[in-house]
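If you're matching positions, the sequence shown starts at 3 in the working numbering and goes up one per residue.
We treat Cβ as the ideally placed atom computed from N, Cα and C, and that holds for glycine.
Just so you know, these numbers come straight off a predicted model, no measurement behind them.
First the structure, in the form of structure tokens, and then the observations on it.
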Amino acid sequence: MRDKIIKFMPFWEVVLDNDKEVLGRYNQEYFTEQKIGEIIKKLYEQEIKQGHDLSIRLSKD
């Protein structure tokens with residue numbers, strides 16, 4: 003049941019280095035794109051400092 007609900011909910015995905023790894027998924031109902039940008043700055047600061055490229059995309063599900 004839970005899997006069915008998750009599949010219908012739109013998510014923002016934080017992706018590392020051109021689709022290599024999804025670092026996080028955030029529900030679009032609760033998080034705006036601006037808020038996701040703030041989250042990236044705080045939670046993924048080390049990855050950014052190490053020179054990784056992070057991007058925000060809509061979930062494929």
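In this structure, the CA atom of residue 51 is about 34 angstroms from the CA atom of residue 10. Between the alpha carbons of residue 53 and residue 34 lies a gap of roughly 25 angstroms. DSSP places residue 23 in the strand class (E or B) of the three-state scheme. Between residue 17 and residue 28, the C-beta spacing is not below 9 angstroms.
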